[in-house]
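Below is one structure, written out as structure tokens, with a few remarks after it.
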């Protein structure tokens, strides 16, 4: 049987044998394993290719100093597993509770070796199909009208073994070092090879090229043994607490900022690295100059014949020679293995280290090619967490759901609720959903309204960038309008130049919720699904087009949006105004009275009380409602005198106090009243 299955997966193209799989995943890092998990749970035919002997090979090397900057918060005060994932930045999504990262490390900033061990267990315990020691060295296309996307993907490994698949998921990350070439760049050491032993830098003067976490990580390691450290980059330092982007400089690595601002010799400089030049003198010292000083000069004649900036400006900032120059400029995507037929092009501007992809994470050049993980970060670069595990574990799940609908006819998972549960559903999600919380402004919950707003369909964590394609991408229909629930920061609160600690930075009153600065829920209402044109013309920095109505739930210091007056009541009234209906909950007595005094009952009464649904009342509950002013007190205070308990008046009062109202006669009365 095994031989039959094996030969059944073989196909021949132009005389070459290809091993076929529906899905090919290149890379067994976190995003590749996450995609493999979802495909395996769905029972799909897939294979993961990993060039190393184990998963997570990137983490076996990086970060060089072995401390991750992804937090591992073991205690939140809550037992809700979905909520706790908001503060667990390392775990992948699975059904196995053993595979939660806090079980592997107690460190708030874990060691990278622990991540390697975690990924190995994730692959082995879940029995994911990973083929190790297989480096894909070439990818091309074969046109075929019968294929899912009009073509197949043909892959070749280092042993010239060929593979064929209908859909290609690229999860290789960004691992090619960024290198800047300038005169003297051959004297520069790379972050990927530089020594991590602080004693190797004792008494030395060091220049670091770069301004990101790898640069500051390197500086932090040698801060206590060097003469001084200078750091140069073309952009100013960006602090993650100011930009609210976790890829910017984190506090754990910013010791150099202290020594710079407190005048302990270290310093930061801004300048274009391509304008620099390095000259090495006879003693091995490295001198920094500018490229234009070397134009039309014979650099081989020696340093004495070359004009240095300090020759004209005697207080030039980098006039002191350096013992070492270290390059810490991050990484970029490897485009080299993709044939031109795939049209895998780099992004534009500061996104050129990533391939161009759509908001659905599909390549702009090739249908059926999806980019996952860090390499997909162009969708939300410098905005959200899509380049990190705690972000792309959710975007990978979203891609899987898109593929399930496209290729297997499985619609996006959804749940249908009566309209009376609308407020509760939103409040529940904004208080516990981790995908909304981590992928703010990128993933959103979509609420599709049914006809006459009697019910709604709830879709979780859909990419808002393809909202206009919702019906095609999810297999769900939106003919009656929709709500979009998303998390956002204040419009002008984040930025490298922002003071995020200014006085009165927080908003506490519901009427000022639209001015909230910190992360908070926002609800957009559309009478019709936005079009692609409306998505293109949306205001700058808006995740969505202008809605028919919008509601901000006021920010909360505890990120706990359950306050009855500040959070729930304004939300309910907003929803009621959009729907033109009453979303309040009522006691049975109120529904009974409405049946005789109103032509139209509130949805809660129609969908609950009239169908004999709801909690059974009690005297204590009724008394509490009376004291709270929710019900009038119909209790008889005196049965003596001319009105015995069994009189018509007494019977009526007794009926109003009954815990259970007969439904069938009541329905008959309502129908008779309508007639």
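In the working numbering, the protein residues as written are 397 to 1071.
Every residue, glycine too, gets a C-beta built ideally from N, C-alpha and C.
For the pair residue 583 and residue 682, the CB atoms are nearer than the 8 Å cut-off. As the crow flies, the alpha-carbon of residue 474 is around 38 Å from that of residue 934.
In the three-state reduction of the DSSP assignment, residue 919 falls in the strand class. Bridge pairing for residue 443: 420 [DSSP]. Rounded to whole angstroms, residue 686 and residue 705 show a C-alpha spacing of 7 Å. Judged by DSSP secondary structure, residue 561 falls within the beta strand (DSSP E) whose first and last residues are 558-566. Taken in chain order, the complete beta strand (DSSP E) segments of 3 residues or longer contained in the stretch 700-754 are 720-723. Note on residue 626: 16 or more other CB atoms within 10 angstroms of its CB, so buried under the neighbour-count rule.
Boundaries around residue 539 are those of the beta strand (DSSP E), 532-539, since no alpha helix (DSSP H) includes it.
Taking the Cα positions, residue 898 is about 36 Å away from residue 728. Judged by beta-carbon spacing, residue 823 lies within the 8 Å limit of residue 957, meaning their Cβ atoms are closer than that value. Under the three-state reduction of DSSP, residue 509 is assigned to helix. Taking C-beta separations shorter than 7 Å and ignoring five residues to either side along the sequence, the partners of residue 418 in its chain run 440, 441, 442, 561, 562, 563, following chain order.
In this structure, the beta-carbon distance from residue 998 to residue 982 falls below 8 Å. Taking C-beta atoms as the reference points, residue 428 and residue 574 fail to come closer than 8 Å.
Short of 7 Å from the beta carbon of residue 547, and not among the five residues preceding or following it, lie these beta carbons of its own chain, in chain order: 537, 538, 539, 540. Annotation for residue 505: 463, 464, 465, 466, 467, 468, 648 place their beta carbon closer than 8 Å to its own, counting only its chain and skipping 5 residues before and after.
Bridge partners of residue 823 according to DSSP: none are assigned.
In this chain, the alpha helix (DSSP H) harbouring residue 615 covers 609-618.
Nearest in C-alpha terms to residue 916, of all of 928, 952, 924, is 952.
In the structure shown, the three-state DSSP call for residue 520 is helix. Excluding its 5 nearest sequence neighbours in each direction, residue 791 has C-beta neighbours in its own chain below 8 Å: 757, 768, 772, 775, 782, 835, 838, 839, 859, listed in chain order.
According to DSSP, residue 432 shares a beta bridge with no other residue. Classified as exposed, residue 873 has fewer than 16 neighbouring CB atoms from the shown chains inside 10 Å of its CB.
Residue 519 and residue 490 have their C-alpha atoms roughly 11 Å apart. As computed with DSSP, residue 785 is found in no beta bridge at all.
In the three-state scheme derived from DSSP, where H, G and I count as helix and E and B as strand, residue 756 is classed as coil.
Here residue 804 is exposed: its Cβ has fewer than 16 other Cβ atoms, across all protein chains shown, within 10 Å. Across the set 718, 764, 717, 689, the C-alpha of 689 shows the shortest separation from the C-alpha of residue 708. In the three-state reduction of the DSSP assignment, residue 1006 falls in the helix class. Contact check for residue 413 against residue 421 fails: the beta carbons are separated by 8 Å or more. Excluding residues up to 5 positions away in sequence, 1029 lie with their Cβ nearer than 6 Å to the Cβ of residue 1022 in the same chain.
According to the DSSP assignment, residue 466 belongs to no alpha helix (DSSP H), since it is labelled neither H nor E. A contact between stretches requires three or more CB pairs, one per stretch, nearer than 8 Å, and the stretch 711-719 fails this requirement with the stretch 729-737. If you draw a straight line from the Cα of residue 960 to the Cα of residue 820, it comes to about 12 Å. Counting along the chain, the unbroken beta strand (DSSP E) around residue 854 starts and ends at 851-859.
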